[in-house]
Amino acid sequence: MEISSVSLFSQDDISHLYTLFPEMEDWGVNNDSKKWRRKEEEYGFDELEGFDNGNGGGAGSGGFKEILTSLILLDEEEKQEQKQREVDFEQEIASFDSNFKLETQTMNDYGNSMKRHYTQLGEMEQSRTKRVRRNSASTAAAATAVAAAAATSSADNPVQPGASTGQQHRRLWVKDRSKDWWDQHNHPDFPDEEFRRDFRMSKATFEMICEELDSSVMKKNTMLRDAIPVRQRVAVCIWRLATGEPLRLVSKRFGLGISTCHKLVLEVCSAIKTVLMPKFLQWPGDEKLRMIKDEFESMSGIQNVSGSMYTTHVPIIAPKISVAAYFNKRHTERNQKTSYSITVQGVVDPKGVFTDVCIGWPGSMPDDQILEKSALYQRANRGLLKDVWIVGNSGHPLMDWLLVPYTRQNLTWTQHAFNEKVGEVQNVAKEAFARLKGRWSCLQKRTEVKLQDLPVVLGACCVLHNICEMRNEVIDTPTKFEIFDDEMIAENSIRSANAAQNRDKIAHNLLHHSLAGTGSL
Numbered sequence: 001m002e003i004s005s006v007s008l009f010s011q012d013d014i015s016h017l018y019t020l021f022p023e024m025e026d027w028g029v030n031n032d033s034k035k036w037r038r039k040e041e042e043y044g045f046d047e048l049e050g051f052d053n054g055n056g057g058g059a060g061s062g063g064f065k066e067i068l069t070s071l072i073l074l075d076e077e078e079k080q081e082q083k084q085r086e087v088d089f090e091q092e093i094a095s096f097d098s099n100f101k102l103e104t105q106t107m108n109d110y111g112n113s114m115k116r117h118y119t120q121l122g123e124m125e126q127s128r129t130k131r132v133r134r135n136s137a138s139t140a141a142a143a144t145a146v147a148a149a150a151a152t153s154s155a156d157n158p159v160q161p162g163a164s165t166g167q168q169h170r171r172l173w174v175k176d177r178s179k180d181w182w183d184q185h186n187h188p189d190f191p192d193e194e195f196r197r198d199f200r201m202s203k204a205t206f207e208m209i210c211e212e213l214d215s216s217v218m219k220k221n222t223m224l225r226d227a228i229p230v231r232q233r234v235a236v237c238i239w240r241l242a243t244g245e246p247l248r249l250v251s252k253r254f255g256l257g258i259s260t261c262h263k264l265v266l267e268v269c270s271a272i273k274t275v276l277m278p279k280f281l282q283w284p285g286d287e288k289l290r291m292i293k294d295e296f297e298s299m300s301g302i303q304n305v306s307g308s309m310y311t312t313h314v315p316i317i318a319p320k321i322s323v324a325a326y327f328n329k330r331h332t333e334r335n336q337k338t339s340y341s342i343t344v345q346g347v348v349d350p351k352g353v354f355t356d357v358c359i360g361w362p363g364s365m366p367d368d369q370i371l372e373k374s375a376l377y378q379r380a381n382r383g384l385l386k387d388v389w390i391v392g393n394s395g396h397p398l399m400d401w402l403l404v405p406y407t408r409q410n411l412t413w414t415q416h417a418f419n420e421k422v423g424e425v426q427n428v429a430k431e432a433f434a435r436l437k438g439r440w441s442c443l444q445k446r447t448e449v450k451l452q453d454l455p456v457v458l459g460a461c462c463v464l465h466n467i468c469e470m471r472n473e474v475i476d477t478p479t480k481f482e483i484f485d486d487e488m489i490a491e492n493s494i495r496s497a498n499a500a501q502n503r504d505k506i507a508h509n510l511l512h513h514s515l516a517g518t519g520s521l
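In UniProt numbering, the protein residues as written are 1 to 521.
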């Protein structure tokens, strides 16, 4: 902020004051001497003695002149100080401008030097790339010439049968792995019993699966290398599902890379789900449903049973997200170690063939909640399961289409007999899941497959199970698996009063028509 000086008197005012001094000397000092005496007596000022008898006027005018002179000097000093401040401020502004210009020039010079540096680097990189391309082109031309010369030499000098061809040059980008194990199993003379023991199916069933998946799995050959055959692709997947071996061992058996084997398993499982599931895992039609009802009725004496439902758990590695949702409390208590699982709910016919599956819900969910999330439950709500029964276990609620055993205590003889017959139907589903896990050992232990890919793999296992069951592929007794899933009683075990009455009628008919077993006795 700029400060301006305050001038008390101008030059004209000072000149005018000087002209008044003579008049002030003659003014009432001589004429009014009595007045000055009266002031002297009143105030007692010694200085007023000089004004008595007309002698004090000169001394008073001299003092006033000194005051005016001091004021003038102060005003002049203020003006000089103001000028000096203005000069200092201008010097500071000039110094600031000079420093700013110097810094700006320095930054510009640094930016220009960096730009030149990066330009030189780009030119060097471009020249190096061109040099590499020229070398690659020359190498490729030399290799082509060598190959052409070798072809000409082989045409002029054909190799005789049994003669040695010398050292062969293999491609550098393909690692040389032994395929003896797969070549032995792929040979037409390989025994069918050993093939069934290793792949859980006969060679004829394996050929049928390969033919079905040929268009979806087959890849074309490239200039770099030949594509993996369809039979080998399918064999990698089935062997991995059947044995549950780590990928590094599967890689050694088939002479492929570990990542390649993992990719093949996922690709073939996805193809099985897309191509084979609509053919081999579907809800039965009217004619097939009638046959299923007849078989279940001859087995248990209960009419209109269209399927047996059961829910099992598949162990998994602890997921990275929602860990608590996949925590399996009962398996943890039984195994004495922390267990995580996902669920597989399935409905089977009398032969143990799956007609409906629901895969992938967390292992902490009870059976009744999993049922409510399934497509089967939605189908029943739309009225597509009228006049049929699906037999569940004690973990499922009693509904108009779902028949479950009695769960309360102190059951009557009739209710015991009914539970026995329902248990026979339930055993069909349990045995089907036991064969499923026994045939595909990857379901018995924690797998290396990611959680998001696991439903596809489990669905492929169910489809392959159906194919083997339909083609009467017998599973060896040592490979059977014992199901030990715990059943929890549903919170709301009865959701339909009409269903409760129908269950009582069925139990009464079983007992009084001699259809109930003697186990309850």
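Beta carbons are placed, not taken as given, at the ideal position from N, Cα and C, and that holds for glycine.
These numbers come from a predicted model, not from an experiment.
(message) Tell me the DSSP secondary structure of Gln345 in three-state form.
(response) Strand at Gln345.
(request) Hey, could you find the ends of the beta strand (DSSP E) Cys358 is sitting in? (result) For Cys358, the enclosing beta strand (DSSP E) starts and ends at Phe354 to Pro362.
(message) Rounding to the nearest angstrom, what Cα-Cα distance links Cys269 and Gln120 in this structure?
(response) Their Cα atoms are separated by approximately 53 Å.
(request) Measure the Cβ-Cβ separation of Lys430 and Ile359 and say whether it is below 7 Å. (result) Taking 7 Å as the Cβ cut-off, Lys430 and Ile359 do not qualify as a contacting pair.
(message) I'd like to check one pair, Asn419 with Pro405: are the Cβ atoms closer than 7 Å?
(response) It is a contact, given that the beta carbons lie within the stated cut-off.
(message) Can you tell me whether Leu403 is helix, strand or coil according to DSSP?
(response) Correct three-state label for Leu403: strand.
(request) Determine the burial state of Lys65: buried for a count of at least 16 other Cβ atoms within 10 Å of its Cβ, exposed for fewer. (result) Exposed is the call here.
(request) For Pro161, collect the residues of the same chain with a Cβ closer than 8 Å to its Cβ; drop the 5 residues on either side in sequence, then sort them by chain order. (result) Note that Pro161 scores a pLDDT of 44, beneath 50, so its modelled location is shaky and nothing firm can be said.
(request) In angstroms with no decimal places, state the Cα-to-Cα distance between Ser208 and Gly459. (result) For the record, residue 208 in the displayed sequence is Met; it is not Ser. Between Met208 and Gly459, the alpha-carbon positions lie close to 19 Å from each other.
(request) Determine the direct distance from the alpha carbon of Ala242 to that of Arg439, and round the result to whole angstroms. (result) So the alpha carbons of these two residues sit roughly 6 Å apart.
(message) Output needed for Arg196: all residues of its chain with C-beta closer than 6 Å, excluding positions within five of it in sequence on either side, in chain order.
(response) Here the set comprises Ser202.
(request) Would you mind sorting Ile317 into buried or exposed? The rule is 16 or more other CB atoms within 10 Å of its CB. (result) Flag for Ile317 reads exposed.
(message) Let me check one thing: in DSSP terms, what residues is Val217 bridge-paired to?
(response) Residue pairing for Val217: DSSP places it in no beta bridge.
(message) Extract the residue ranges of the alpha helix (DSSP H) inside the region 438-481, only unbroken runs of 4 or more that lie entirely within it.
(response) Listed in chain order, they are 454-470.
(message) For Asn498 and Met399, what's the separation of their Cα atoms in angstroms?
(response) Each residue's Cα considered, the two are about 8 Å apart.
(message) Give me, in chain order, the residues of the same chain whose beta-carbon lies closer than 7 Å to that of Phe100; leave out the 5 immediate sequence neighbours on both sides.
(response) Cβ within range, chain order: n/a, list empty.
(message) Can you tell me whether Gly54 is helix, strand or coil according to DSSP?
(response) With a pLDDT of only 44 at Gly54, under 50, the local geometry of the prediction cannot be trusted, and no value is derived from it.
(request) Can you grab the Cα-Cα spacing for the pair His262 / Ile342, in whole Å? (result) Going from the Cα of His262 to the Cα of Ile342 covers about 21 Å.
(message) I need the straight-line Cα distance from Asn112 to Tyr118, nearest angstrom please.
(response) One alpha carbon belongs to Asn112, the other to Tyr118, and they sit about 10 Å apart.
(message) Spatial neighbours of Phe96 within its chain, please: C-beta separation below 7 Å, excluding the five flanking residues on both sides.
(response) Around Phe96: no qualifying Cβ.
(message) Between the alpha carbons of Ser98 and Glu125, how many angstroms are there, rounded?
(response) Between the alpha carbons of Ser98 and Glu125 lies a distance of about 41 Å.
(message) Here's the rule: buried if 16 or more other CB atoms are within 10 angstroms of the residue's CB, otherwise exposed. What is Met309?
(response) Buried, by the Cβ-count rule.
(request) Using 10 angstroms around the beta-carbon of Val314, count the other beta-carbons present and answer buried if the total reaches 16, otherwise exposed. (result) Flag for Val314 reads buried.
(message) If you reduce the DSSP assignment to three classes, tell me which class Lys505 lands in.
(response) DSSP places Lys505 in the helix class (H, G or I) of the three-state scheme.
(request) List the whole-angstrom C-beta distance separating Ser306 from Leu289, where the pair is believed to meet the contact cut-off of C-beta under 8 Å. (result) About 6 Å; that satisfies the 8 Å criterion.
(message) By the three-class DSSP mapping on this structure, what secondary structure does His512 have?
(response) In the structure shown, His512 sits in a helix (DSSP, three-state: H, G or I).
(request) Give the secondary structure of Trp389 by DSSP, where H, G and I count as helix, E and B as strand, and everything else as coil. (result) DSSP places Trp389 in strand when its eight states are reduced to three.
(request) Measure the alpha-carbon distance for Gln426 versus Ala204 and round it to whole angstroms. (result) Straight-line Cα distance between these residues: approximately 32 Å.
(message) Once the 5 residues before and after Val428 are set aside, which same chain residues still bring their CB inside 7 Å of it?
(response) Result list for Val428: Ser308, Val348, Pro350 and Gly352, in chain order.
(message) Here's the rule I'm using: 16 or more other beta-carbon atoms within 10 Å means buried, otherwise exposed. How should Ala507 be labelled?
(response) Counting the other Cβ atoms within 10 Å of the Cβ of Ala507 gives 16 or more, which makes it buried.
(message) Tell me which residues share the same chain as Thr414 and place their Cβ nearer than 7 Å to its Cβ, disregarding the 5 neighbours each side in the sequence.
(response) Once the five neighbours on either side are set aside, the close Cβ partners of Thr414 are Ala507, His508 and Leu511.
(request) Please report how far the alpha carbon of Arg330 lies from the alpha carbon of Gln336, in whole angstroms. (result) Going by the C-alpha atoms only, they are around 10 Å apart.
(request) With distances taken Cα to Cα, identify the nearest neighbour of Ala375 among Thr355, Ala94 and Asp387. (result) Restricting attention to Thr355, Ala94 and Asp387, the CA atom closest to the CA of Ala375 is found in Thr355.
(request) Note down, in chain order, each residue of its chain lying with its Cβ closer than 6 Å to the Cβ of Asp226, except the 5 sequence neighbours on either side. (result) Take Asp226, set aside five residues on each side of it, and no residue of its chain has a beta-carbon closer than 6 Å to its own.
(message) Applying the 10 Å Cβ sphere with the 16-neighbour rule, what's the burial state of Asp367?
(response) By the Cβ neighbour-count rule, Asp367 is buried, with 16 or more other Cβ atoms within 10 Å of its own.
(request) Report the rounded CA-to-CA distance for Leu385 versus Asp286, giving the unit in angstroms. (result) Rounded to whole angstroms, Leu385 to Asp286 spans 12 Å at the Cα level.
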